[in-house]
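Below you'll find the structure, written out as structure tokens, and then a few comments.
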Amino acid sequence: MYRGCSHDCAYCDGRAEGYYVEGDFSKDITVKINAEELLNRELDRSRKRKLMSNCFITLGGGVSDAYQHIEKKYELSRKTLLLIEKYNWPVHILTKSDLVLRDLDIIKRINEKSKAIVSFSFSSVDDEISKTFEPGSSLPSKRLEAMKKIKEAGITTGIFYMPVIPLITDSKKQMEETLNKCKNAGAEFVIFGSMTLKPGRQKEYFMNIIKVHYPMYVERYNKHYLDNNKYGVPSHEYRAYIHK
Ligand code: SF4
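Residue numbering for the sequence shown follows the numbering used here, beginning at -1 and increasing consecutively.
Here's what the structure looks like:
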């Protein structure tokens, strides 16, 4: 739908060079204005080339959020859902925005016919930390409220608990609080992942924020995220801690 993301998460790996998103990642948003036309062609069952059966169509992305601010104007995600409904496919939506509630009418109809899942991603449930690291997204408290409404509408919901931010949102207490609040809001599953920091644009952007807001952690970050690790995975020591 889009490339670039106004949610502007400090840790977003969409900034990494390998994704080829040029310009200011959070401001220069590319809009795929022919997405509806292309998807309509792909989903048309009368065509010879068929999609796999029994698979979910995923509405979300690694270098954008389908419900970021510009969606209010272009409504590409809403139009996509209408096509998914028309062709009777199941859908899995992943977002950090409560704007998804705008489309609850369609999501409910899809769920009745073929199944819909709505997932929210969290790095914590702390609104203050989120303002620093996810300044353009809906606050975690708003995401929890949205999750509750999705659940009350009879739709499966869960969380992508990623990335947990090392040293900042990864204490046992914080993680228990996140899991408890999400469970109380209706989350039925958790998909967990630690944070990657690929050397280059992604790491530089993130570390500039650490230098300003958490300078005391700079040294430990440099120890856990080595510049010669091109995939940006944290040290074995940190991974052992966080997965435990
Ligand atoms: S919402 Fe997702 S795609 Fe958008 S900036 Fe945050 S991590 Fe990146």
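Virtual Cβ for every residue (Gly too), placed ideally from N, Cα, C.
The C-alpha of Phe190 is placed about 31 Å away from the C-alpha of Leu41. Per DSSP, Ser136 has no beta bridge partner at all.
Comparing alpha-carbon positions, the option among Lys147, Glu150 and Ser121 lying closest to Leu137 turns out to be Ser121.
For Glu20, the number of other beta carbons within 10 angstroms of its own is below 16, and it is reported as exposed. Per DSSP, reduced to three states, the secondary structure at Met(-1) is coil, with no helix or strand assignment.
Contact between Leu79 and Asp101 holds, since their C-beta atoms are separated by about 6 Å, short of 8 Å.
In this chain, the alpha helix (DSSP H) harbouring Ser75 covers Leu74 to Lys84. For His67, the three-state secondary structure derived from DSSP is coil. Look at Leu92 here: in three-state DSSP terms it is strand. Under DSSP, Ser119 forms a beta bridge with Phe158. The Cβ atoms of Leu74 and Ala114 do not sit closer than 8 Å to each other.
When secondary structure is reduced to three states using DSSP, Ile189 falls in the strand class. Under the DSSP assignment, Leu102 falls in the alpha helix (DSSP H) whose first and last residues are Leu102 to Lys111. Excluding its 5 nearest sequence neighbours in each direction, Arg218 has C-beta neighbours in its own chain below 7 Å: Leu165, listed in chain order. Within the chosen limit of 7 Å, the ligand SF4 does not reach the beta carbon of Gly21 with any heavy atom. The beta carbons of Ser117 and Thr167 sit no closer together than 8 Å. Sequence-distant partners of Ile127 (beyond 5 residues in either direction) whose C-beta falls short of 7 Å from its own C-beta, in its chain, are Ile166 and Thr167. In the three-state scheme derived from DSSP, where H, G and I count as helix and E and B as strand, Ile208 is classed as helix. A Cβ-Cβ separation of about 5 Å places Ser192 in contact with Ile240 under the 8 Å criterion. Within the DSSP bridge table, the entry for Ala238 names no partner.
Val61 and Ala144 have their C-alpha atoms some 22 Å from each other.
In this structure, the ligand SF4 has a non-hydrogen atom nearer than 7 Å to the beta-carbon of Glu132. Residue pairing by DSSP places Val29 opposite Tyr0 in a beta bridge.
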